Every structure is written in structure tokens, then in C-alpha cells.
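Engineer: If you read the sequence shown in numbering that gives the first Met the number 0, its first letter stands for residue 0, the second for the next number, and so on.
Before anything else, here's the structure in question.
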Amino acid sequence: MSTPSFQTYLASCRDLLADSSAKTIVIGNEAADLDSMASSLAYAYFLASENQQSDQHYIPVMPIPRADFKLRTEAVYVFNKAGINLKEVIFFDEIDLAAIMAANGKLVLVDHNKLAVNLDFSEKVVAILDHHVDENLYQTAQPRIIEMVGSTATLVSQEINKNDSALLDKKIATLLLGTILLDTVNLVPEAGRVTPADNEAAQLLLPIFAADQHHFFNTVQEEKFNVESLSTTDLLRKDYKQWQLGEAACGIGSVLMPVKKWTKRDPDLAKAFVDFAIERGLEVLLAMNAYTDPDFKRDLVIYATNQEMHDTLLNEMQAKGLELNTIVTAEINEPSFGIISYYSQGNLAISRKKLHPILSDLLG
Ligand SMILES: [Mn+2]
Numbered sequence: 000m001s002t003p004s005f006q007t008y009l010a011s012c013r014d015l016l017a018d019s020s021a022k023t024i025v026i027g028n029e030a031a032d033l034d035s036m037a038s039s040l041a042y043a044y045f046l047a048s049e050n051q052q053s054d055q056h057y058i059p060v061m062p063i064p065r066a067d068f069k070l071r072t073e074a075v076y077v078f079n080k081a082g083i084n085l086k087e088v089i090f091f092d093e094i095d096l097a098a099i100m101a102a103n104g105k106l107v108l109v110d111h112n113k114l115a116v117n118l119d120f121s122e123k124v125v126a127i128l129d130h131h132v133d134e135n136l137y138q139t140a141q142p143r144i145i146e147m148v149g150s151t152a153t154l155v156s157q158e159i160n161k162n163d164s165a166l167l168d169k170k171i172a173t174l175l176l177g178t179i180l181l182d183t184v185n186l187v188p189e190a191g192r193v194t195p196a197d198n199e200a201a202q203l204l205l206p207i208f209a210a211d212q213h214h215f216f217n218t219v220q221e222e223k224f225n226v227e228s229l230s231t232t233d234l235l236r237k238d239y240k241q242w243q244l245g246e247a248a249c250g251i252g253s254v255l256m257p258v259k260k261w262t263k264r265d266p267d268l269a270k271a272f273v274d275f276a277i278e279r280g281l282e283v284l285l286a287m288n289a290y291t292d293p294d295f296k297r298d299l300v301i302y303a304t305n306q307e308m309h310d311t312l313l314n315e316m317q318a319k320g321l322e323l324n325t326i327v328t329a330e331i332n333e334p335s336f337g338i339i340s341y342y343s344q345g346n347l348a349i350s351r352k353k354l355h356p357i358l359s360d361l362l363g
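Put into C-alpha cells, the structure is as follows:
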């Protein structure tokens with residue numbers, strides 16, 4: 000049987016999904032980084048072509064809702080570069096995983112080797128390709144390849160090359176190479192990520208990709224931090240954590256943009272904070288802005304539903320040495336509810352990880 004191209008295969012996935020046959024879902028980890036998504040696409044394609052005689056359908060599923068894909072700006076770039084039609088890509092909110100599993104479904108895990116806690120399908124895991132520490136689960140999985148390489152995409156490249164190297168066309172090579180370069184910081188030994196296997200995989204893919212490695216890496220890397228296309232709400236949710244601190248629900252978004260630029264760009268920024276807080280039932284919503292200008296800098300936005308909470312937070316952060324200085328933002332419309340204020344943060348050492356215990360002690 001002739002093997003369909005990756006393009007043809009991907010275009011058929013939605014039909015395969017609708018079909019009544021049993022399905023094997025190929026899925027990456029919850030964080031849904033480029034490695035997880037690219038590896039699942041390439042490995043699902045490989046499995047589908049290896050098992051054309053089987054009555055199973057092999058379908059890659061991105062482990063996030065479709066609406067969240069645009070937040071992975073590096074993946075948006077690499078998918079586009081690989082010529083992938085996003086309409087054909089299947090996202091987690093477009094399937095009923097429990098129903099698929101109940102109908103004789105199976106799971107292939109890439110870029111993780113332990114199912115997310117909310118996915119109770121341990122007995123369904125039939126194969127694993129991963130580069131995280133082995134949790135020693137699903138011992139019957141076949142293959143069960145868990146190796147400490149820089150990228151799962153390396154393991155996928157190896158598997159395809161070993162079994163059917165003709166599948167490594169330009170689209171697949173672009174997906175896998177972009178991922179390996181990003182994960183290994185362009186194969187540079189000083190970054191401490193690259194292994195001989197990653198190097199080998201990259202050397203295999205480069206002639207198929209047939210364009211400049213360094214330019215590709217630089218662009219993927221730049222796109223990862225390019226948040227120009229994102230709205231205020233998307234900037235807040237791109238890298239977002241939420242904690243319950245005593246009575247108060249507190250959200251903190253890490254934002255890769257200076258406050259001055261952000262407020263200039265969006266005069267309704269305060270309204271977006273209010274809406275975001277209401278939607279999530281937050282009493283406190285902070286943005287921790289980090290950027291280079293040209294040196295590394297930090298800003299902070301404090302939003303609280305009431306003045307007392309706002310001032311308590313501000314005073315505590317100053318007491319803990321954040322060195323906050325008010326930024327004047329004349330362009331901003333006042334919030335309809337609650338209070339918001341904008342600061343540059345003199346103490347660059349206090350990241351979100353370090354701010355969390357400070358707030359816990361205060362409110363927890
Ligand atoms: Mn990975």
C-alpha cells in the first residue's frame with residue numbers, strides 16, 4: 000500500500016476521527032510546548048503509515064483548547080513554516096477522549112510518560128516516546144522509549160529514520176528540526192541541553208529542511224518571545240498561575256512586555272484586568288513584566304478588587320524589598336471596579352516563584 004504524504008494524512012484526520020473505528024490518540028504533555036505538539040503530529044503520521052493494514056486510526060491531538068494555540072507563538076511560527084493547515088489540526092476541546100477510550104481506544108504518549116492527573120486511562124497507554132525522568136509506569140507499552148535527550152522530536156526522528164526514512168519529507172523535517180533546535184538552544188554544547196542523539200537527528204533533518212539552521216533557530220527563538228500579536232487578556236493568560244491565599248484568590252501573569260509599552264498599546268488595559276479577575280473570581284491580579292531594554296528589567300502591575308487589599312499588598316512588597324517605583328501611565332482609562340497601579344521593579348531578583356511565598360505569608 001502506498002504511503003500518503005503527511006499533508007494528505009493530516010487532511011484526513013478529522014474524517015478518521017468521525018469514523019466508527021477504534022482510535023489511537025497520540026498526545027503530548029499538558030504544557031503543550033512545541034516538542035509535545037510537533038512530536039505528536041510526526042509520530043502519529045509515522046504510526047498511521049506503519050499500520051495501514053490495521054483497523055485502528057492513529058490521530059494526533061494537541062493537548063490544549065484550540066483557542067490557546069495562538070499563545071504558543073513559537074509553535075504558531077513553526078507550524079506555519081511547515082505549511083500546516085491549522086484547521087486540520089485536532090485540539091483537545093474538539094474530541095471526547097473518554098468516549099474514544101471507551102470505544103476500544105488507545106493512547107500513545109509523547110514528551111511525557113505519566114498521564115495528566117485528570118486523565119484516568121492508565122490501561123490504555125500502548126506506547127511512549129519521551130525524554131523526561133522515567134516514572135516507571137505503563138511497563139507493557141511498546142515501544143517504551145524514554146531517553147534523556149534534548150528533545151522528544153529527536154526520538155521521533157530516530158524512530159522514523161530507522162523504520163521508514165522516506166516519511167521524513169520537508170514538512171515533517173521542519174517540524175522536528177525546529178523543535179530540536181529550540182529545545183537544544185541551537186545544538187550549542189554550552190547550553191547543556193544537546194546530546195549526540197540530538198545532533199545526529201538534526202544532521203539528518205537539515206538537508207531535508209534545506210535552509211539555514213541558524214536563521215531558523217534565531218527566528219523560532221524570537222517568535223517564542225514575540226507577543227506583539229497578543230491582546231491584553233492573552234498576554235495575561237499566556238503564562239499564568241493562580242493561587243488561593245487564605246480567603247483571596249490571586250492570579251499572576253508573567254508578561255513579556257514593558258508596562259509603558261503595554262499601557263500605550265491598550266488604553267483599556269484596566270478593563271481587561273477587571274474582566275479577567277471577574278471571570279476567575281480573583282481578588283488580586285498581578286502582572287509581572289519581564290523584558291530587555293537593552294538590559295533585563297522588571298515591571299509590576301497590581302490590581303485588587305478593593306483599596307485595602309491593594310495597599311496591603313503594595314506595602315508588603317515594599318517591605319520585602321521589591322523596590323517598586325510608580326510608572327505614570329496617562330493614557331490608561333480608569334478601571335470600572337477595583338484599583339490598579341503600575342510600577343517599575345528595582346529588585347530584579349524577585350520573580351514570580353519568589354513572590355509567591357511572600358504573598359502566602361501575608362494572606363495565607
Ligand atoms: Mn520535551
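Every residue gets a Cβ at the ideal spot worked out from N, C-alpha and C, and that includes glycine.
Because the structure is a prediction, the values reported are computed rather than measured.
Check each residue's C-beta against every heavy atom of ligand 1 and list, in chain order, those closer than 5 Å.
Structural biologist: D34, D110, T151
Engineer: Once you ignore the five residues that flank L281 on each side, which residues in its own chain have a CB closer than 7 Å to its CB?
Structural biologist: A248, C249, G250
Engineer: H56 bridges to which residues according to DSSP?
Structural biologist: K22
Engineer: CB D129 to CB L108, shorter than 8 Å?
Structural biologist: yes
Engineer: Hey, could you find the ends of the alpha helix (DSSP H) D182 is sitting in?
Structural biologist: Counting along the chain, the unbroken alpha helix (DSSP H) around D182 starts and ends at 169-182.
Engineer: Count the other C-beta atoms from every protein chain shown that fall within 10 angstroms of the C-beta of N324, then say buried if there are 16 or more, exposed otherwise.
Structural biologist: exposed
Engineer: For S48, is the classification buried or exposed, using 16 other Cβ atoms within 10 angstroms of its Cβ as the cut-off for buried?
Structural biologist: buried
Engineer: In three-state DSSP terms, what is N112?
Structural biologist: DSSP places N112 in coil when its eight states are reduced to three.
Engineer: What is the DSSP secondary structure of Y42, reduced to helix, strand or coil?
Structural biologist: In this structure, Y42 counts as helix in the three-state DSSP scheme.
Engineer: Three or more C-beta pairs closer than 8 Å, one from the stretch 225-238 and one from the stretch 254-265: is that the case here?
Structural biologist: yes
Engineer: Whole angstroms is fine: what's the gap from K105's alpha carbon to D18's?
Structural biologist: 15 Å
Engineer: Please name the residue or residues paired with D292 in a DSSP beta bridge.
Structural biologist: According to the DSSP secondary-structure assignment, D292 is paired through a beta bridge with no residue.
Engineer: For R297, list the residues DSSP reports as bridge partners.
Structural biologist: A289, Q344
Engineer: Shortest alpha-carbon distance to K113 belongs to which of N103, A101, M100, I127?
Structural biologist: Ranking N103, A101, M100, I127 by CA distance to the CA of K113 puts I127 first.
Engineer: Rounded to a whole number of angstroms, what is the C-alpha to C-alpha distance between A209 and L176?
Structural biologist: 11 Å
Engineer: Would N288 be called buried (16 or more neighbouring beta carbons within 10 Å of its own) or exposed?
Structural biologist: buried
Engineer: Tell me which same chain residues have a C-beta within less than 8 Å of the C-beta of D163, skipping the five on either side of it?
Structural biologist: T2, F45, S48, E49
Engineer: Specify the secondary structure class of M256 as computed by DSSP and reduced to three states.
Structural biologist: coil
Engineer: Around the Cβ of H111, are there at least 16 other Cβ atoms within 10 angstroms (buried) or fewer (exposed)?
Structural biologist: buried
Engineer: In three-state terms, what does DSSP make of I339?
Structural biologist: strand
Engineer: Can you confirm whether the stretch 157-174 touches the stretch 71-87 when touching is taken to mean that 3 or more C-beta pairs between the two stretches lie within less than 8 Å?
Structural biologist: They touch, by the three-pair rule.
Engineer: Unbroken alpha helix (DSSP H) runs of length 4 or more, entirely within the stretch 93-170: which are they?
Structural biologist: 96-101, 151-163
Engineer: Cβ atoms of P356 and A269: under 8 Å apart, would you say?
Structural biologist: no
Engineer: Any idea what DSSP makes of V219, helix, strand or coil?
Structural biologist: Reduced to three states, the DSSP call for V219 is helix.
Engineer: Tell me, to the nearest whole angstrom, how far the beta carbon of S359 is from that of L244; I am working on the premise that it is less than 8 Å.
Structural biologist: 6 Å
Engineer: Closest by CA to D265, which one among L313, E330, Y302?
Structural biologist: It is E330 whose Cα lies nearest to the Cα of D265.
Engineer: What residue from F336, Q317, G363 has the CA that sits closest to Y342's CA?
Structural biologist: Nearest option by C-alpha distance: Q317.
Engineer: Does the separation of the CB atoms of S156 and L204 fall below 8 Å?
Structural biologist: Yes, Cβ-Cβ distance for S156 and L204 is below 8 Å.
Engineer: For A190 and T231, which I take to be in contact (beta-carbon distance under 8 Å), what is that distance rounded to the nearest angstrom?
Structural biologist: 33 Å between Cβ atoms; not a contact.
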